[in-house]
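These protein sequence lines map, in sequence, to chains E and A.
According to the working numbering, the first sequence is numbered sequentially starting from 4.
According to the working numbering, the second sequence is numbered sequentially starting from 4.
Just so you know, even glycine gets a beta-carbon here, dropped at the ideal spot from N, CA and C.
Shown next, in structure tokens, is the structure this report addresses.
Number of protein chains: 2
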Amino acid sequence: MVVHELKEIELDRLFQALADATRRDIVARVLTSESSVSGLAARYDMSFAAVQKHVAVLERALLVTKEKRGREQIVRAHPEGLGRVQRLLDEYEKIWLQRLGRIAEILEQ
Amino acid sequence: MVVHELKEIELDRLFQALADATRRDIVARVLTSESSVSGLAARYDMSFAAVQKHVAVLERALLVTKEKRGREQIVRAHPEGLGRVQRLLDEYEKIWLQRLGRIAEILEQ
DNA sequence: CTCATGTACAACCATTTGGTTGTAGATTAC
DNA sequence: GTAATCTACAACCAAATGGTTGTACATGAG
């Protein structure tokens, strides 16, 4: 099986991007207030370059965007990307719930 | 930051488990009908051992359970695990939506 | 009993991941 | 103009990932 080649790769990137606590934290921060990469880096116990890489992973997964402002690179939440994530997760959940519901029904008979 | 050590590790495992098309497919299959590991393996173009490993990853993420039946190992969806997943994702989404909503409000002023 | 099936698990391998340091190029501050 | 700041990017490294093959062991079928 494994249909929807494109969607699958997008899903790979999305889930993979979310599979790291630092990256989830960056997304959470950036949702409330945009921040430069160095601003973010200051908050974690790792090198600037490491944070830079995390941001790149989030960017590839369409969760955040980067925009140059002066000498800084401003990171923001990417609303369309996040909207897409939300719809995908909702879709997934719906399927799960439907099927789990069906299983429950069958068991009740 | 990075609070909730335990939850974080669970989320790591969850997202990481879902970050692979084969594993997502296995979850989808198992949601509709339980299946032995070899039954699953027959459906993918990879070795039995590879599928065995994928199932182990899903098990660790509490997405499926394995139960020995005769000489077979039956894989099923793990309802409590999936329920937990659902709640975690809901929580995440709620935070996102709240913050995105707030951003939208600010922009409208 | 014997053979085929299903599983477990180890060893191995290439690639990716998550981190590091170091160097170089822009841009701002003084 | 010079120095400090922010970023980009390469090179490197250890560990994890996703796959393989091979061997051994249970269990069911004939």
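(1) Taking just the CA atoms, how far does residue 73/A sit from residue 5/A?
(2) If you drop the 5 nearest sequence neighbours on each side, which residues of the same chain put their C-beta closer than 8 Å to that of residue 77/E?
(3) Just list the alpha helix (DSSP H) runs in the segment 12-39 of chain A, keeping only unbroken ones of 4 residues or longer that don't cross its boundaries, in chain order.
(4) Distance cutoff 9 Å, beta carbons only. Does residue 5/A sit that close to anything in chain E?
(5) So what does residue 70/E bridge to, in DSSP terms?
(6) Which residues bound the alpha helix (DSSP H) around residue 53/A?
(7) Measuring only the C-alpha atoms, how far is residue 31/E from residue 24/E?
(8) If you drop the 5 nearest sequence neighbours on each side, which residues of the same chain put their C-beta closer than 8 Å to that of residue 1/E?
(9) Could you check the C-alpha separation between residue 29/E and residue 75/A for me, to the nearest Å?
(10) Where does residue 100/E land, buried or exposed, given buried means 16+ other C-beta within 10 angstroms?
(11) Can you tell me whether residue 45/A is helix, strand or coil according to DSSP?
(12) Beta-carbon of residue 65/A versus every beta-carbon of chain E: anything under 9 Å?
(13) Can you list, in chain order, the residues of the segment 10-39 of chain A whose Cβ is nearer than 9 Å to any Cβ on chain E?
(14) Relative to the alpha-carbon of residue 16/A, which residue among 48/A, 57/A and 79/A has its alpha-carbon at the smallest distance?
(15) Could you confirm whether any beta carbon from chain E is found closer than 9 Å to the beta carbon of residue 96/A?
(16) Should residue 53/A go down as buried or exposed, given a rule of 16 or more other Cβ atoms within 10 Å for buried?
(17) Rounded to whole angstroms, what's the CA-CA distance from residue 12/A to residue 33/E? Just pull it up for me.
(18) Counting contacts by CB-CB distance shorter than 9 Å, is residue 43/E in contact with chain A?
In short, the structure shows the following:
(1) Against the second sequence, residue 5/A aligns to sequence position 2. Against the second sequence, residue 73/A aligns to sequence position 70. With a pLDDT of only 48 at residue 5/A, under 50, the local geometry of the prediction cannot be trusted, and the value read off the model is given with reservation. Approximately 44 Å between the Cα atoms of the pair.
(2) Numbered from its first residue, the first sequence carries residue 77/E at position 74. Result list for residue 77/E: 37, 38, 39, 69, 70 and 71, in chain order.
(3) 24-35
(4) Translated into the one-based positions of the second sequence, residue 5/A becomes position 2. In this prediction, residue 5/A has a pLDDT of 48, which is less than 50 and means its spatial position is unreliable; what the coordinates show is noted afterwards. Among the residues facing chain E, residue 5/A is included, as its CB has a counterpart in that chain under 9 Å away.
(5) Residue numbering aside, residue 70/E sits at position 67 when the first sequence is read from its first letter. Paired residue(s): 77/E.
(6) Here the question's residue 53/A lines up with position 50 in the second sequence. That run of the alpha helix (DSSP H) goes 51-63.
(7) Taking the first residue of the first sequence as 1, we reach residue 31/E at position 28. Taking the first residue of the first sequence as 1, we reach residue 24/E at position 21. So the two alpha carbons sit approximately 10 Å from each other.
(8) The structure shown does not extend to residue 1/E, since chain E spans only 4 to 112, so no value can be given for it.
(9) Translated into positions along the first sequence, residue 29/E becomes position 26. Translated into positions along the second sequence, residue 75/A becomes position 72. Taking the straight line from one Cα to the other gives about 44 Å.
(10) For the purposes of this step, residue 100/E is taken as the residue at position 97 of the first sequence. With fewer than 16 other Cβ atoms within 10 Å, it is exposed.
(11) Here residue 45/A refers to the residue found at position 42 of the second sequence. Three-state result, residue 45/A: coil.
(12) The sequence position of residue 65/A within the second sequence is 62, counting from 1. It does not: the Cβ of residue 65/A has no partner Cβ on chain E nearer than 9 Å.
(13) Residues of the segment 10-39 of chain A whose Cβ lies closer than 9 Å to any Cβ of chain E, in chain order: 11, 12, 14, 15, 16, 17, 18, 19, 20, 21, 22, 23, 24, 25, 27, 28, 30, 31, 32, 34 and 35.
(14) Counting from 1 along the second sequence, the entry for residue 16/A is found at position 13. Here the closest residue by C-alpha is 57/A.
(15) For this step, residue 96/A is matched to residue 93 along the second sequence. Closer than 9 Å: yes.
(16) Counting from one through the second sequence, the residue named residue 53/A turns up at place 50. With a 10 Å radius around the Cβ and a threshold of 16 neighbouring Cβ atoms, residue 53/A comes out exposed.
(17) Start at 1 with the first residue of the second sequence, and residue 12/A comes out as number 9. Start at 1 with the first residue of the first sequence, and residue 33/E comes out as number 30. Looking at the two C-alpha atoms, the distance is approximately 21 Å.
(18) In the first sequence, residue 43/E corresponds to position 40, counting from 1. False, the Cβ-Cβ gap to chain A never drops below 9 Å.
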